[in-house]
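Remarks on the structure that follows.
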Amino acid sequence: TTCLPLKASFSRRETMAVELVGGALLSSFMNVLFERLASQEVLDFFQEKQLFAKLLNELKITLLSADVLLNDAEQKQLREPNVKKWLEELKEVLYEADRVMDKINTEALRLKLEKGHESGSKLACKCLNFFPTLFSPFDNAVKSEIEDILGRLKLLLDQTEFLGLKKIDQKAPSHRFLAPLVEECDVFGRKEDKEAIVKLLLDDGISGHRISVIPIVGMGGIGKTTLAQLVFRDSSVKEHFDLKAWVTVSEEFDVFRITKIIFEGITSTKCDIEDLHQLQNELKKALMGKRFFFVHDDVWSENYELWDLLKSSFESGAHGSKIVMTTRNKIVALKMGNVQTYELQLISDDDCWQLFAKHVFNNVGIDAQSDLIEIGEQIVRKCKGLPLAVKAMAGLLRSTLNPNEWRRVLQSDIWKLKRQENSTNIIPALWLSYHFLPPHLKRCFAYFSIFPKDYEFRKIEREKIVLLWMAEGLLQPENDKRIEDVGEEYLNALISRSFFQQSGWDGLALSMHDLMHDLAMHVSNEFCFVYGGCSDLHNFTSKVHHLSYRKDFKGLIEFEALSKAKYLRSLLALPLSCDHEYYQPLLMQKDLHELFLTVGGCLRALSLSQSSITELPNSIGNLKHLRYLDVSGTKVTDIPNSICRLYNLQTLLLTDCKELRQLPTNISKLINLRHLMIRYTCLKEMPPNICNMTNLQTLTDYVLCKSDGSRIKELGELQLLHGSLSISGLGNVRNVGDVSKANLKNKKYLSELILRWDDETTNPAKEWEVLNALQPHVNLKELEIIGYKGAILPNWLELPSFINRGDREGEIFRCLKTFCLDCCWKLKVGLPAGYLPSLESIIILKCEEMVAVFPTIPQLDTAYPSLESLHIYSCPRLKSFSGVGLPSSLKVLVIHECNMLLANRMNWNLQRLSLLEDLCLYGPFYGEHEVMDSFPEEGLLPTSLKSLSISNFENLTSLNGKGFQHLTSFQRLDILSCYQLQRLPEEDLPQSLTSLDISKCSLLNPRCQRGTGEDWPKIQHIPRIYIDWIEI
């Protein structure tokens, strides 16, 4: 056969493949392989080796033959186990092909780096093709591996005829079960939701638009359609609107079909019009001057142009017309809605039980089946508030009242339950969300099966997820975008499509519903494994590519068991974030060494964070494919030089390695390293030539030693730095010109800058010059200055002033949100006479000479219009905030050990702070003069105050009840370590108070005991009362 030119033949076939493959899970993997096969590195590496050209060409053609069958295979795998097995086998072969391509790229990179001056392509040709007809040992190994992959692929293709797999040019529309008509008495947990939507529908001024579009968003099966039905049939809604219509849109946004359904619905006539333009004109006439209400149920398309075309025929409707749109996708809601999105939440366990009991016990009555109630309640809790899952379980169990059968269902994975008439709706309902994901997002979603159920993803976890995706090659590069930004977009796309829900005590974490997690497990099958103990090992197979374990797991895994996973790509300690504990490692030190020598040959991501390991074996240099290494929070004292051979390494996390004193000398050879996190280590200096690591996106710390302060100029070469940068040892700088060469002013991607002086000697004038030369980019969001001995702030903070800000607008720090001064002993005034429009938080610690926080300027509110939080600690000479008080935008004020300031509290003028909600006052160190024996004075506290905390006032003997009487919003009072406080005020505390905490107040505590204390009648109306941190 003729061997086509490698790149040309690939280009034509790649275009064809992309058109043919709809959205199968593996198509994204295929695309990555196609790109690798056609990459310049691969082509150059095997230049002039015709046999390899033929092999690679044959591999591409064979992969394309499998590729066109993937869409059909994905649709059939749910109902045909043999097809699912075929897909799993294909996935394993693709993993192997990806490993071989990565092996080739790594070898090419190694040769390029180790041979210096010659280009990689010439070098590869000279080294491996010195005798063009002879193969090197590396060639022979790669040739053998490619031939093995080809053989396995051909065997799989031979099976496709028997499996009935065929090419599908386009996605077959997935069947969507139509929602049954519901009665309000059959719906539980949606009363408040219905009332909220009805209220929006009856309000004609909610959006300022003629037609208001109200999006209802939630995951599949949560009850969006049910809620829309309740609203659609509400009597007050019927009376309010002239016309109503319901259309189920589904995945294909067919403007003609939707328009026709609406037209027929409002006219009650059959429509024979076949031209869209004519149909839209007829609909516009029918809607003229009428107030209408439409429901667009189950919308998937993000195409705004189609939506714009559809709604153009609605504009003739009367003001106050409404459209309720249900979707799983927040992006759809943002594009099409003009009213705030209504995010539908899961229902409570009690409501789930009522729904379950309604469907299961409807025929026989619940009392007769009391022995099943306990099992049923556990089954309901397993559904985690998802109504469709509850109904599916109820449908499955309705036909049997056998407790043993119910226990079997309780202990089963819903995805593995026998498919029965009433048990299958949940599977296609959630499968649809997955099925219509773009191919690249399917692999990212499946990766979440490496995390256990109920895992919470906070900000740091989400950032690390992106780095892990990058390590696994799941992110597709896009022009002019950082690969990390692409990953963040992928994650946001999954969030917007309702694959996650808000969780955590503060609602800021994300978690995946158990059934959505089951779907991820179902998709990944045996390739991801969450290790939970020795009993799990019988499920551990050679197909495991991704393994995770809990850091606090109390056992060890035998290396013999781990050695089964010969293609292991991820080994992760969970959670990904760190606390301050050390945990027993999963493997003994000797087994870790063995892992690196044998099984770890395919590892791309390795996390050993917070394990009690003290060293990394030299054998870590064998992990040539490694891209992500996390040993943060460990006791490692040294990073072996062999790590500098990991040319693919992208992320190295060493945060909180407190025993670590230095980095490897040759670390600059890691030219692909993008993230080096070394915060909270004990590094004494930076390794040589770090300026050559121009791909670095994150460098958390830069340490200047006494003998080499001039190296600060190396930062000038690192133009791509993002996130946080801390520069310490600034007292070691000798030449201010070196500081200017660091070029911080042009580092526009830095969001946080920490500037630290550590030396004891002081030269205030020199330190001011250094700080003045460290001017950051105006995009900076957080600035912290530590140990600075100068008496004034730098010019770049002082200018432009709020008075002449229009003249120097380009230099205003418009993005700065947090400003911190720590141990700046000589500063007299904390804040500049400048204009910081976004500044929200100020923190000042141990500034011994400071006498005022703000400059005395008349327009304080204009200078700091966004300030919400002010924290001041241990500033003994601080007398006042400023000559004009505090900015009126302040919401939180914390004063800690500032005796002179506390003594002057009646001049704070808090009454003018109409937004102040939280006030925390801490007394001085023991032995210092006490400034407060009664508190609060009348007129001190603002009426807006919600929370007050007073601590460590040894001489405080009484509370002034009259100082609380005007606090109509007061909710929380904390009193701590006030040993002389004798009683609560005679006047009643505000009735609005909901929480009272009295701790380490030896005289007051007994008086507040429930029922027996003398002050109990004064506080018995308060719902939550704590004495010495215990609720009474």
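Per UniProt numbering, the sequence shown runs over residues 1 to 1032. Just so it is clear, CB atoms sit at the ideal spot from N, CA and C, and this is done for glycine as well.
Does the beta-carbon distance from residue 295 to residue 357 come in below 8 Å?
-> no
Counting pairs of beta carbons, one from the segment 478 to 494 and one from the segment 441 to 456, are three or more of them closer than 8 Å?
-> In short, these stretches touch, since the Cβ pair count reaches three.
How big is the Cα-Cα spacing for residue 647 and residue 600?
-> 16 Å
Hey, does residue 262 have any beta-carbon neighbour from chain D nearer than 8 Å?
-> The chain inventory of the structure shown lacks chain D, comprising one protein chain alone.
Taking C-alpha atoms, which residue in 161, 160, 226 and 210 lies nearest to residue 190?
-> Here the closest residue by C-alpha is 226.
Take the Cβ of residue 402 as the centre, count every other Cβ of all protein chains shown within 10 Å, and call the residue buried at 16 or more, exposed below.
-> exposed
What number of angstroms, rounded off, separates the C-alpha of residue 769 from the C-alpha of residue 726?
-> 18 Å
According to the neighbour-count rule (16 or more other Cβ atoms, all chains shown, within 10 Å of its Cβ), is residue 855 buried or exposed?
-> buried
Residues of its chain near residue 102, where Cβ-Cβ distance is below 6 Å and the 5 sequence neighbours each way are ignored = So the qualifying residues of the chain are 625.
Given residue 921 as reference, the closest of 915, 901 and 914 once Cα atoms are compared | 901
Assign residue 24 to one of two classes, buried (16 or more other C-beta atoms within 10 Å of its C-beta) or exposed (fewer than that).
-> Because residue 24 carries a pLDDT of 42, less than 50, the predicted location of this residue cannot be relied on, and the following value inherits that uncertainty. By the 10 Å Cβ count, residue 24 comes out buried.
Counting only the same chain and skipping the five closest in sequence on each side, list residues whose C-beta sits under 6 Å from that of residue 775.
-> 745 and 796
With residue 529 and residue 445 assumed to form a contact (beta carbons below 8 Å), what rounded beta-carbon distance in angstroms separates them?
-> Actually they are not in contact, since the Cβ atoms of residue 529 and residue 445 sit about 17 Å apart, beyond 8 Å.
Delimiting residues of the beta strand (DSSP E) encompassing residue 294 = 292 to 299
Assigned exposure category for residue 656 - 16 Cβ within 10 Å defines buried = buried
Pairwise C-alpha distance: residue 678 and residue 853 | 33 Å
Assigned exposure category for residue 757 - 16 Cβ within 10 Å defines buried | buried
Is the segment 187 to 207 in contact with the segment 301 to 316, if contact means three or more CB pairs nearer than 8 Å?
-> no
Limits of the unbroken alpha helix (DSSP H) element including residue 354 | It spans 349 to 360 - the alpha helix (DSSP H) in which residue 354 sits, taken as one unbroken run.
Same chain, Cβ closer than 7 Å to residue 563, neighbours up to 5 away in sequence not counted = 598 and 599
Flag this pair as touching only if the segment 329 to 344 and the segment 274 to 283 have three or more C-beta atom pairs under 8 Å; answer yes or no.
-> no
Bridge partners - residue 215, DSSP secondary structure assignment = 325
With DSSP run on the structure shown, which of helix, strand or coil describes residue 302?
-> Coil, per DSSP.
Out of curiosity, what's the CA-to-CA distance linking residue 1028 and residue 981?
-> 15 Å
Could you pull out every residue in the same chain whose Cβ sits closer than 6 Å to the Cβ of residue 793, ignoring the five residues on either side in sequence?
-> 832
Would you check whether the ligand FMN has a heavy atom nearer than 7 Å to the C-beta of residue 829?
-> Summarising the ligand content, the structure contains no ligands, and the ligand FMN is consequently not present.
Under a three-way DSSP split, which group does residue 810 fall into?
-> Annotation note: pLDDT 46 at residue 810 (below 50); position unreliable, no value reported.
Three-state class that DSSP yields for residue 935 in the structure shown = strand
Report yes or no: do three or more beta-carbon pairs, one from the segment 607 to 622 and one from the segment 631 to 645, lie closer than 8 Å?
-> yes
Cβ pair residue 904, residue 880 closer than 8 Å = yes
Cut-off 6 Å between Cβ atoms - residues of its own chain near residue 576, not counting five sequence neighbours on either side | Excluding positions up to five away in sequence, the list reads 461 and 464.
Given residue 890, which residues of its chain have a CB within under 8 Å of its CB, disregarding the five upstream and five downstream residues?
-> 867, 868, 869, 870, 913, 915 and 916
Expressed to the nearest angstrom, what Euclidean distance is found between the alpha-carbon atoms of residue 397 and residue 345?
-> 26 Å
Quick one, are the C-beta atoms of residue 99 and residue 602 less than 8 Å apart?
-> yes
From residue 505 to residue 972, what does the alpha carbon distance come to, in whole angstroms?
-> Taking the straight line joining both Cα atoms gives about 19 Å.
Provide the residue(s) that pair with residue 756 in DSSP beta bridges, ordered along the chain.
-> Beta-bridge pairing links residue 756 to 786.
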